Amino acid sequence: MSGFYHVNIPQLPPDPLFGIKASLAKDTRENKVDLGIGAYRDDHGKPWILPSVKLAEDLLHHSADYNHEYLPISGLKKFTEEAAKVILGEESSAIKEDRVVSIQSLSGTGSLHLAGTFINKFYRKKDDASFRAVVYVSDPTWSNHMQIFSSCGLATTKYPYWNDATKQLKIDQYVQAIEQAPKGSVFLLHATAHNPTGMDPKPEEWKRILKAISDNGHLPLFDCAYQGFTTGSLAKDAWALRHAIDSGDYHFPGILVCQSFAKNCGMYGERVGAFHVVLPEHDDALNSAILSQLSKIVRSEISNPPGYGAKVVSLILTTPQLKKQWERDLITMSSRIMGMRKQLVVELQRLGTPGSWNHITEQKGMFSYTGLTPSQTEKLAHDYAIYMSKNGRASIAGLNPGNVKYVAKAIDDVIRSEL
Amino acid sequence: MFRSSKSVRYIRFPSTYSLASNLVRFQSRWAGVPQAPSDKILGLSLLYTLDANPNKVDLGVGAYRDGNGSPWILPSVRMAEKILQDTESDKEYSPILGSPKFIQLVQKLLFAHDTSGFQLLADGRIVTAQGLSGTGSLRVLAEFLHRFHSNHHVKVPDPTWTNHLSIMKDSGLTTSAYRYYDQKSNALDFDGLLEDLSRSEEGTIVLLHLSCHNPTGVDSSPEQWDEIIKMLSERNLVPVVDTAYQGFQSGDPVKDLATLFKFNDAVAMGKIPTYLLSQSFAKNMGLYGERVGTLSVICSGPRESERVRSQLAKLIRPMYSSPPTHGSKLVETILGNEDIYNQWLNDVKTMCDRLDSMRLLLYDKLTVEYNSALDWEHIITQKGMFCYTGLNPRQVEKLRSTKSVYMTADGRISIAGICLKNIDYLARSIDEVTKETA
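First to last, the sequence lines map onto chains B and W.
Heads up, the first sequence is in my numbering, so the first residue is 1 and it goes up one at a time.
Heads up, the second sequence is in my numbering, so the first residue is 1001 and it goes up one at a time.
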């Protein structure tokens, strides 16, 4: 006796990133190294609950009105308001002018999914009923991006980004792609700490990119999952997005912002994030309409978002001592990662490993696009129990003084063995 | 199209562009966004919050309240929370389908108490994944059916929870109703139910409330369930079973699975090939806002289960990557610790007993104290958190506007909102309004 659908349900391979985690879990070798999933680790390779988070949780649990009641569909208001301030800046013209619609989301993925659903349903051209936007993502980009948008019914394509030979950006081709894209396309931009390459545009390159997007009537979508990880400073890391909004140099039909607190607050599994729609002008009716439609989308998917994580982050953002502690925690994490980048390069140079390795310290954020090939990363996993993405993306957060020499030697061995 | 002079403009643009052309450009992308109507149930909460009447009574949202009308954190949840606080060492991502321990414990709760369920588990035929409470679990199941089932039509009881329709429709499924509640008798229209199922096309998806039907509180009897399952089998219909109130029917979460045991038996005996289950811990563990529940799919064997598992992961990954962990860790702690589990059983009984006593008291006050001429017996025959009072929209509106008693327009009241403080005012208000307004 069989199910009605057994014939046409094919087996799928595991998700590329969660799959690494699973393989790693099964590996019994003691010296295994996890450079796969993008989660911060401390100097001993252990997950790190931020001190600011621990303090906030303590406060929360001792608070008289701590409970598990439903949040509003659009989320915890204090949280979404503070989240907007974090990313757009307390002095943001968009916030002051009430041009921002914010809704709580299931971390970054949930926010991107909301963006995609919203774009698919409502992003139109008044004079062209058949217009459906194409979403442009960088080549390469986070492995989940394209399927998020395609599952929302959107067509996606890639814009040139990473030059593997020079380990720099293909900036001219990038801008050219913007100029050639059908007017009104959506451009997915990594706000800071590009995933997987770790290479961000320089300020002058950002200006070229934003101007091209603006001149061609495209819609920018900023994905911000690493604010605070690049330089340790929230303001510095949000420069590109804030410049797009506050400089007055550009005119966009809107700016979509997907914000995650997974990494910078270490709230990974709690799924804390927000989706913001920044509009070019103040319009109460439109603000209300957009919020109502986003709420309608949320209601039939999850009814309302999870409360715990948002409450913790909200406490951090609204309690001065906790906010200061958080800022220190960001410096702790970003500087440890920067330190490990340096150490890895020092080791590789000391070993005289063939190739140039400066890109590892040039790249920012949690990841490094090492340049290792699929066969090399496969070998690293199989022979050395060192796990990273097939495309050579290594999570530097997984490196520590205890394993950096081992990893450098393994990379050295693997590269030499293929020469 | 120009804005009225009242609205304020804060557009910044280079002087080379004209105001008009920019307005047209800015308006052209979002002009088609209409204001969506506010959610019926949650919109009511807002009105209640704004009401200044000190005697106001909130019988809207289905969240349990204690005898003082306050939210109640279950003692078992407090115990679990303390353990979690003391022992939580990380906030890592859970796997896409939820933590294996969570899944194992919930499967044990749902499927290990009857022989057939236990066998299905042992045979690797049950795929269970963590979902975002009941809504999220139903949504993933609906998306799964849309993708893999050839029949895209769902029949839902009339009436049903309003969000059921949105969930199904937004997953690309069409919906229609099967007869369920008979207004005249305030009871189940069983003949109508069976007839509507019998007339359904093969492969039609049928949504069923396992117990404590929302909004009516009217459930089928065990014998009626046997007939329903027989009909599902004969017409080859696909059951989607929704359980959000496990424990609120009898006070015992395991006893309340009796109907699910029938489904397991039917699968084990080959009478139905499958069913899908959406389950929530929102109410029976009071974990509402933490969004913790599960979805399950009964498969033909372990290989099919693996395939289904992989496809569920593919559906979930682009939606939200992985489920929230705080609620699921609490559930794990409760279900995995014998003392806390027993405390939980007590907590469910506490809630159920209080709801039952409020039903009895309300019935007494209306019929005896206020001598209402109407028949209020359904208050005590209906089960769960809700009561379908039978009040019509006019009466509901009058209760809200003149008495500050809040309930949904269909006359559904949340018994949880009743306590000793407000029950007399409530009974009196209902009596007055029904005497004044037909």
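We put the beta carbon where it would ideally sit given N, CA and C, even for glycine.
Being a predicted model, the structure only gives us computed values, none of them experimental.
Chain-ordered residues of the region 1138-1168 of chain W with a beta carbon less than 7 angstroms from chain C: No chain C appears in this structure, whose protein chains are B and W.
Helix, strand or coil: which one does DSSP assign to residue 7 of chain B? By one-based count along the first sequence, residue 7 of chain B stands at place 7. In this prediction, residue 7 of chain B has a pLDDT of 49, which is less than 50 and means its spatial position is unreliable; what the coordinates show is noted afterwards. DSSP places residue 7 of chain B in the helix class (H, G or I) of the three-state scheme.
Residue closest to residue 287 of chain B, alpha-carbon to alpha-carbon, out of B:266, B:99, B:316: Along the first sequence, read from residue 1 onward, the residue named residue 287 of chain B stands at position 287. Nearest of B:266, B:99, B:316 to residue 287 of chain B, Cα basis: B:99.
Counting Cβ pairs closer than 8 angstroms, one from the region 1376-1393 of chain W and one from the region 1257-1265 of chain W, do we hit at least three? no
With H, G and I counted as helix, E and B as strand and the rest as coil, what does DSSP make of residue 404 of chain B? Residue mapping note: residue 404 of chain B aligns to position 404 of the first sequence, counting from 1. Here residue 404 of chain B carries a helix assignment [DSSP, helix/strand/coil].
Buried versus exposed, by CB contacts within 10 Å (16 or more), residue 113 of chain B: Numbered from 1 along the first sequence, position 113 holds the residue referred to as residue 113 of chain B. Counting Cβ neighbours within 10 Å, residue 113 of chain B comes out buried, since at least 16 surround it.
Indicate whether at least one CB of chain W lies closer than 8 angstroms to the CB of residue 261 of chain B. Numbered from its first residue, the first sequence carries residue 261 of chain B at position 261. Residue 261 of chain B does not count as touching chain W.
Among W:1213, W:1297, W:1312, the one whose alpha carbon lies nearest that of residue 1248 of chain W: In the second sequence, the residue the question calls residue 1248 of chain W occupies position 248. Across the set W:1213, W:1297, W:1312, the C-alpha of W:1213 shows the shortest separation from the C-alpha of residue 1248 of chain W.
How far does the beta strand (DSSP E) with residue 156 of chain B in it extend, from its first residue to its last? For this step, residue 156 of chain B is matched to residue 156 along the first sequence. Annotation for residue 156 of chain B: the continuous beta strand (DSSP E) segment containing it runs 155-160.
Take the Cβ of residue 306 of chain B as the centre, count every other Cβ of all protein chains shown within 10 Å, and call the residue buried at 16 or more, exposed below. Residue 306 of chain B sits at position 306 when you count from the first residue of the first sequence. Result: buried.
Quick one: list the residues of chain B neighbouring residue 1132 of chain W, beta-carbon separation under 7 angstroms, in chain order. For this step, residue 1132 of chain W is matched to residue 132 along the second sequence. Residues of chain B passing the Cβ test: 302.
Residues in its own chain within less than 7 angstroms of residue 163 of chain B by CB, not counting five upstream and five downstream? As a first step, residue 163 of chain B is located in the first sequence; it is residue number 163 there, counting from the start. 169, 170.
Listed from N- to C-terminal order along the chain, which residues in the region 1081-1107 of chain W have their beta-carbon within a distance smaller than 8 angstroms of any beta-carbon of chain B? For the region 1081-1107 of chain W, the beta-carbon criterion of a distance under 8 angstroms to any beta-carbon of chain B is satisfied by 1081, 1085, 1088, 1089, 1090, 1091, 1092, 1093, 1094, 1095, 1096.
When you compare the CB positions of residue 302 of chain B and residue 1135 of chain W, do they come within less than 8 angstroms of one another, or not? As a working mapping, residue 302 of chain B is identified with position 302 in the first sequence. As a working mapping, residue 1135 of chain W is identified with position 135 in the second sequence. Yes, these two residues count as a Cβ contact at 8 angstroms.
Cβ closer than 8 angstroms: which chain B residues qualify as neighbours of residue 1275 of chain W? Within the second sequence, the letter at position 275 stands for residue 1275 of chain W. Neighbours of residue 1275 of chain W on chain B: none; closest Cβ ~10 angstroms, over 8 angstroms.
I'd like to confirm the pairing. Which residues does DSSP put opposite residue 1183 of chain W in its beta bridges? Along the second sequence, read from residue 1 onward, the residue named residue 1183 of chain W stands at position 183. Answer is none; residue 1183 of chain W lacks a bridge partner.
Given that a residue counts as buried once 16 or more other Cβ atoms are within 10 Å of its Cβ, and exposed if not, what is residue 1127 of chain W? By one-based count along the second sequence, residue 1127 of chain W stands at place 127. Buried, because 16 or more other Cβ atoms sit within 10 Å of the Cβ of residue 1127 of chain W.
Give me the DSSP bridge partner(s) of residue 222 of chain B. The residue labelled residue 222 of chain B in the question sits at position 222 within the first sequence. DSSP output for residue 222 of chain B lists B:189, B:257 as bridge partner(s).
Under 8 angstroms between the Cβ atoms of residue 1199 of chain W and residue 1167 of chain W? Counted from its first residue, the second sequence places residue 1199 of chain W at position 199. Counted from its first residue, the second sequence places residue 1167 of chain W at position 167. No. Outside cutoff.
Tell me the rounded alpha-carbon separation between residue 1023 of chain W and residue 187 of chain B. As a first step, residue 1023 of chain W must be located in the second sequence, where it is residue number 23. As a first step, residue 187 of chain B must be located in the first sequence, where it is residue number 187. Because the pLDDT of residue 1023 of chain W is 40, which lies under 50, any placement of that residue in the model is unreliable, and the number read from its coordinates should be weighed accordingly. Each residue's Cα considered, the two are about 22 angstroms apart.
Cβ closer than 7 angstroms: which chain W residues qualify as neighbours of residue 299 of chain B? In the first sequence, the residue the question calls residue 299 of chain B occupies position 299. In chain order: 1039, 1163, 1166.
Rounded to a whole number of angstroms, what is the C-alpha to C-alpha distance between residue 190 of chain B and residue 228 of chain B? Indexing the first sequence from 1 puts residue 190 of chain B at position 190. Indexing the first sequence from 1 puts residue 228 of chain B at position 228. Distance between the alpha carbons of residue 190 of chain B and residue 228 of chain B: 14 angstroms.
Could you pull the DSSP bridge partners for residue 14 of chain B from this structure? By 1-based counting over the first sequence, the position of residue 14 of chain B is 14. The partner list for residue 14 of chain B (beta bridge, DSSP) is empty, contrary to what the question assumes.
In the DSSP output, what is residue 487 of chain B paired with across the bridge? No information on residue 487 of chain B is available, as it lies outside the stretch 1 to 419 that chain B covers here.
Let me know the alpha helix (DSSP H) ranges lying completely inside the region 204-249 of chain B, each 4 residues or longer, listed in chain order. 234-237, 239-246
Please return the same chain residues whose Cβ sits closer than 6 angstroms to the Cβ of residue 1279 of chain W, not counting the five positions on each side in sequence. As a working note, residue 1279 of chain W is residue 279 in the second sequence. So the list reads 1243, 1293, 1294, once near-sequence residues are dropped.
Only counting the same chain, and skipping five residues up and downstream in sequence, which positions put a Cβ closer than 6 angstroms to that of residue 1405 of chain W? One-based indexing of the second sequence puts residue 1405 of chain W at position 405. The beta carbon of residue 1405 of chain W is closer than 6 angstroms to those of 1057, 1399, 1429 in its chain, skipping five residues each way along the sequence.
Min CB distance residue 227 of chain B to chain W below 8 angstroms: Residue numbering aside, residue 227 of chain B sits at position 227 when the first sequence is read from its first letter. No, residue 227 of chain B lies away from the interface with chain W (no Cβ there is under 8 angstroms from its Cβ).
Along the chain, where does the beta strand (DSSP E) that runs through residue 1387 of chain W open and close? Taking the second sequence and counting its residues from 1, one reaches residue 1387 of chain W at position 387. Residues 1386-1388.
With residue 421 of chain B and residue 143 of chain B assumed to form a contact (beta carbons below 8 angstroms), what rounded beta-carbon distance in angstroms separates them? Chain B is shown from 1 up to 419; residue 421 of chain B falls before or after that span and cannot be answered.
Considering only their Cβ atoms, is the gap separating residue 1417 of chain W from residue 1065 of chain W smaller than 8 angstroms? For the purposes of this step, residue 1065 of chain W is identified with residue 65 of the second sequence, where counting begins at 1. For the purposes of this step, residue 1417 of chain W is identified with residue 417 of the second sequence, where counting begins at 1. For residue 1065 of chain W and residue 1417 of chain W, yes; Cβs fall inside 8 angstroms.
Buried versus exposed, by CB contacts within 10 Å (16 or more), residue 349 of chain B: Position 349 of the first sequence holds residue 349 of chain B. The residue is exposed, with fewer than 16 neighbouring Cβ atoms inside 10 Å.
Out of curiosity, what's the CA-to-CA distance linking residue 179 of chain B and residue 216 of chain B? Sequence index remark: in the first sequence, residue 179 of chain B carries index 179 (1-based). Sequence index remark: in the first sequence, residue 216 of chain B carries index 216 (1-based). Using only the alpha carbons, I get a separation of about 6 angstroms.
Which word fits residue 1420 of chain W, buried or exposed, when buried means at least 16 other C-beta atoms lie within 10 angstroms of its C-beta? Residue numbering aside, residue 1420 of chain W sits at position 420 when the second sequence is read from its first letter. Residue 1420 of chain W should be labelled exposed.
Taking Cβ-Cβ distances shorter than 7 angstroms, what residues in chain B pair up with residue 1314 of chain W? As a working note, residue 1314 of chain W is residue 314 in the second sequence. What residue 1314 of chain W touches in chain B: 12.
Residue 267 of chain B versus chain W: which residues are under 8 angstroms apart at the beta carbon? Locating residue 267 of chain B in the first sequence gives position 267, where the first residue counts as 1. The contacting residues are 1091.
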